[in-house]
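If you count the sequence shown from 1, position 191 lands on 191 in my numbering, and the numbers rise without skipping. Just so you know, even glycine gets a beta-carbon here, dropped at the ideal spot from N, CA and C. Because the structure is a prediction, the values reported are computed rather than measured.
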Amino acid sequence: MGRLNCSACALALEPAEVRTEKVIMLAEAYTIFGALFLGGTWVIYEWGSPIAIEAGDVFNRIFSAAISVVICCNLFLALWSCILWITAIVYGSRGDFVYNARDLIQFCNHLMWMTYFSVTFGCGLALYLNLRSNLIDLLVILIFVGIVIIRGMSIMCELQLSVSPLATYHQPSWIKLFTHPRFILSSKTREELRGKAVVESEYIQFKANFRQIKKELDSTPDSGICILLRTAAKNLNRPDYDISKFETNLAEDWFNEVEELKHRSVECLAKYMPMRLAEEVHKLVGDIEVGVSVRGIS
1 MGRLNCSACA
11 LALEPAEVRT
21 EKVIMLAEAY
31 TIFGALFLGG
41 TWVIYEWGSP
51 IAIEAGDVFN
61 RIFSAAISVV
71 ICCNLFLALW
81 SCILWITAIV
91 YGSRGDFVYN
101 ARDLIQFCNH
111 LMWMTYFSVT
121 FGCGLALYLN
131 LRSNLIDLLV
141 ILIFVGIVII
151 RGMSIMCELQ
161 LSVSPLATYH
171 QPSWIKLFTH
181 PRFILSSKTR
191 EELRGKAVVE
201 SEYIQFKANF
211 RQIKKELDST
221 PDSGICILLR
231 TAAKNLNRPD
241 YDISKFETNL
251 AEDWFNEVEE
261 LKHRSVECLA
271 KYMPMRLAEE
281 VHKLVGDIEV
291 GVSVRGIS
């Protein structure tokens, strides 16, 4: 699974209007970046091209290749993201649009990363060719540029890690080597990242479960406890099992709402239903305590 693929899965759990709006904003950001950054790329080309020609055929070819990659990435990022933008406006109301658009979103993200790496290399080469005659000036500028790039990358990567460790975990290794090298070079930090990714994955799974519960609450006259029991049975691969007797058992002790089960232990729930079902119900109800309401999930 790619980084944007898992992000698309999480985004697909948002309400339809929020989901559509976010995809449109994402496509708009890619389009604007691709179009406007082309001007910066051209400035670097105009600034470095004359000195690259003077430096010799090898430097000229390397610099031209790097800038050509940047220009192509800029142009096609603007093109494909514009198509995504238009498509999201027209078809964004479809329930499966975000999931089906995941590959195009991921491709635009890869183009943006290619732009970043290529323009960094091209800018560094242009700085070297223009300032190589003065070693002190060259070192000062390279140190300044290095600090800006490394510090900016560090802040951005920490933000990404804090808001979505699952997306970071599924980043391609060649990107992670530049963005989060410690998760590539150390087994201890890899396990740390994997643990954070598992936590977010479980949260997304819980959110998907309760989204399904809400859908059933809105479409059927069954009680919340009935739907909760049915969902737990489905999670245990027993979708056709008759759970009405367990609902009756709970009702006999005046447990009529899901919220009334929030602070009940597995052992308590097992008095009314099989142990495995009680454990699954306890796990689902426990998610309510971290802010996901059975009746009010977004």
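- [ ] Would you kindly check if the distance between the Cβ of D137 and the Cβ of L129 is under 7 angstroms?
- [x] no
Task: Proximity below 7 angstroms, CB of L250 to CB of I227 - done: no
Open item on the list: Would L236 and E279 qualify as a contact pair, given that the criterion is a beta-carbon distance under 7 angstroms?
Closed with: no
Task: Limits of the unbroken alpha helix (DSSP H) element including V58 - done: 57 to 91
Open item on the list: Going by C-alpha to C-alpha distance, which of V58, T31, S49 sits closest to L75?
Closed with: T31
TODO: Run the CB neighbour count on S118, radius 10 Å, all protein chains shown included, and call it buried at 16 or more, exposed below.
DONE: buried
Task: Inter-residue spacing [alpha-carbon to alpha-carbon] between P239 and S81 - done: 42 angstroms
Open item on the list: G39 and A78 - do their beta-carbons sit closer together than 7 angstroms?
Closed with: no
Task: Residue of S187, I141, A126 minimising C-alpha distance to I53 - done: A126
TODO: Please report how far the alpha carbon of H110 lies from the alpha carbon of L159, in whole angstroms.
DONE: Cα-Cα distance, rounded: 19 angstroms.
Open item on the list: Counting C-beta neighbours from all protein chains within 10 Å, is the total for F246 16 or more, i.e. buried, or is it exposed?
Closed with: buried
Task: Spatially closest choice to S173 from G56, E259, I184, by CA coordinates - done: The option with the nearest alpha carbon to S173 is I184.
Open item on the list: Could you tell me the alpha carbon to alpha carbon distance between T41 and F97, rounded to whole angstroms?
Closed with: 33 angstroms
Task: Rounded C-alpha distance that separates Q171 from Y45 - done: Near 31 angstroms, if we compare the C-alpha coordinates of Y45 and Q171.
Open item on the list: Applying the 10 Å Cβ sphere with the 16-neighbour rule, what's the burial state of I155?
Closed with: By the 10 Å Cβ count, I155 comes out exposed.
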